[in-house]
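I have placed the structure first, in the form of structure tokens, so that the comments after it can refer back to it.
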Amino acid sequence: MLLQATPTTKDLTSSHLLTKKKTFHHLKALLTIVVRILDHYKQLVNRHTTLLKMDNNLNHQKLQILSWNARSIRNKCSELEHVVHNELKADVILIQETWLKTNQKLKIKGYDSFRLDSDDPRKGLAILVNDNLRTELVKSNVRGL
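Numbering of the sequence shown is given in full-length UniProt numbering, commencing with residue 1 and proceeding in unit increments.
Encoded structure:
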């Protein structure tokens with residue numbers, strides 16, 4: 001005859017603590033990854049020497065920001081303009097991998113455009129800001145910004 005012991009409260013509690021410990025370690029690992037991602041993002045942002053200053057006097061309750069890795073914006077401007085004006089109504093549009101050369105234009109009706117072009121054909125950044133927001137380009141003398 002085989003006897004089975006029923007778990008005591010102490011056994012259940014220690015089992016529960018082990019589960020909590022595993023969860024804690026998983027959360028700690030996840031938090032470490034998030035911190036590394038944020039540090040990497042901060043390093044990327046700090047490499048640029050130009051800042052965009054926006055007027056804080058907004059009439060909006062929310063600022064709608066759209067970020068898009070375009071992988072070439074050249075043939076997608078009309079599509080972007082349609083989406084922005086008819087669907088998303090974004091205040092600020094951040095575009096990565098524009099693939100634009102300095103002599104190529106990027107104009108979306110109702111938006112001011114700020115660009116960082118590259119000789120590398122697979123790079124380039126653009127920030128489009130709704131005309132309703134007052135913006136100005138500010139050069140920073142702070143090292144790393």
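The beta carbon of each residue, even a glycine, is placed where N, CA and C say it ideally should be.
Rounded separation between residue i and residue j - CA only
{"i": "Asp120", "j": "Asp112", "result": "24 Å"}
{"i": "Ile33", "j": "Gly110", "result": "39 Å"}
{"i": "Ala90", "j": "Asn75", "result": "20 Å"}
{"i": "Phe114", "j": "Leu133", "result": "14 Å"}
{"i": "Glu79", "j": "Asp131", "result": "19 Å"}
{"i": "Val138", "j": "Ser118", "result": "20 Å"}
{"i": "Lys28", "j": "Arg122", "result": "36 Å"}
{"i": "Val35", "j": "Asn86", "result": "36 Å"}
Cβ distance (whole Å) where residue i is taken to contact residue j below 8 Å
{"i": "Ile65", "j": "Leu94", "result": "7 Å"}
{"i": "Leu88", "j": "Gly124", "result": "Not quite, the Cβ-Cβ distance comes to about 22 Å (not below 8 Å), so this is no contact."}
{"i": "Ala70", "j": "Gln96", "result": "7 Å"}
{"i": "Ile108", "j": "Glu81", "result": "5 Å"}
{"i": "Ala126", "j": "Thr102", "result": "Going by Cβ atoms, the distance from Ala126 to Thr102 rounds to 12 Å, so no, they are not a contact pair."}
Under 8 Å between C-beta atoms of residue i and residue j
{"i": "Leu106", "j": "Cys77", "result": "yes"}
{"i": "Val92", "j": "Leu63", "result": "yes"}
Pick from the options that is closest to residue i, judged by C-alpha positions
{"i": "Trp68", "options": "Leu128, Ser118 and Asn86", "result": "Leu128"}
Cβ-heavy atom distance, residue i to the ligand GDP, below 7 Å
{"i": "Asn75", "result": "Questions concerning the ligand GDP fall outside what the structure shown contains, since it holds no ligand whatsoever."}
Complete runs of the beta strand (DSSP E) confined to the region 92-124 [at least 3 residues]: Taking only runs of at least 3 residues, the beta strand (DSSP E) segments lying wholly in the region 92-124 are 92-96 and 111-116.
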